[in-house]
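Quick notes on the structure that follows.
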């Protein structure tokens, strides 16, 4: 079960890496970053709601006292981290903002220790350092232009990483009571309700909505959003939040490879090394999880009981 869950997280993160295929198309049609985020969450919510109404209406049943779980995933995570990320890009530049966003796994590791008692293991620390270094190389942060730095930009950039991390934390809590389908549906319901009135998208009217915009929006809402979040959230059932967030750094690898093979970008030596670092870190964290799983099986088999679920 651990391997399947870990694979779901990898696939979900890989789908996040395809987002550039859709976002750039909407930018070219005149939509702003916050409007693109609004389109993304709204289409995702509509698609999820249609599926739930057709296949499993019981997935919509929640307890009102659990609403804060989804306020956490929807507003504190998705809405906040997107706002902070785009603000950081405006304050500094894309590369610096992206690296600050990928401080998310470090925040997850710290928060998971506080709330879920997940241990700081040498394996996690090595994987965390390796994948973060890989992200820096893939995103090509160097040479660093300090003229682009500002205290406000750094703070909101770190805020984007913190918000990015909160999905793993609130999502893990929600999964203790609800399925991944329920968690993901209510996440995007909350995000849609928060963004639609504030993004300015409604003020555009129907002018930019040609067939290209509709098809790109559908792809954006379904492939790197619905499918990606369902897979990642489902994987959180079996994998520690800290390990899941480290594994999610596969996202910039996929985005870079898409740039190379589809947009004919040139893969630099540093980017290639970065990809190797990220893949090595992800493989390392996976092997550690499998060892823990085997130890659990040995322990419980001594008592004639086999535990097939790993804690991380």
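In the working numbering, the protein residues as written are 8 to 319. Just so you know, even glycine gets a beta-carbon here, dropped at the ideal spot from N, CA and C. Since the model is a prediction, treat every value here as computed from it, not as a measurement.
Query	Result
Leaving out the 5 sequence neighbours to the left and right, which residues in its chain are closer than 7 Å to residue 110 when beta-carbon positions are compared?	165, 168
In the DSSP assignment, find the unbroken alpha helix (DSSP H) run with residue 258 in it and report its ends.	257-268
Is the stretch 109-128 in contact with the stretch 181-198, if contact means three or more CB pairs nearer than 8 Å?	no
Compare the C-alpha of residue 33 against each of 219, 78, 107 and name the closest.	219
With 16 as the cutoff for other CB atoms within 10 Å, does residue 255 come out buried or exposed?	buried
Do you know whose CA, among 57, 160, 129, lies nearest residue 107's CA?	160
I need the straight-line Cα distance from residue 197 to residue 68, nearest angstrom please.	15 Å
Taking the CB atoms as reference points, tell me whether residue 140 and residue 52 lie closer together than 7 Å.	no
Under DSSP, the alpha helix (DSSP H) around residue 105 begins and ends at which residues?	101-108
Within the stretch 42-117, note down every full alpha helix (DSSP H) run reaching 4 residues or more, in order along the chain.	74-78, 87-98, 101-108
Would the beta-carbon of residue 288 fall within 7 Å of that of residue 243?	no
Tell me whether residue 115 is buried or exposed, calling it buried when 16 or more other Cβ atoms sit within 10 Å of its Cβ.	buried
Please look up how many angstroms separate the CB atoms of residue 86 and residue 201, rounded, as I've assumed it's under 8 Å.	5 Å
Going by DSSP, what residue range makes up the alpha helix (DSSP H) through residue 146?	129-146
Can the beta-carbon of residue 19 be found closer than 7 Å to that of residue 238?	yes
My output table needs one value for residue 37: the three-state DSSP class, helix, strand or coil.	coil
Taking the C-alpha atoms as reference points, what is the distance between residue 205 and residue 162?	23 Å
Go ahead and label residue 267 buried or exposed: buried means 16 or more other beta carbons lie within 10 angstroms of its beta carbon, across all protein chains shown.	exposed
May I ask you to verify whether the stretch 222-236 touches the stretch 22-38, counting CB pairs closer than 8 Å and requiring at least 3?	yes
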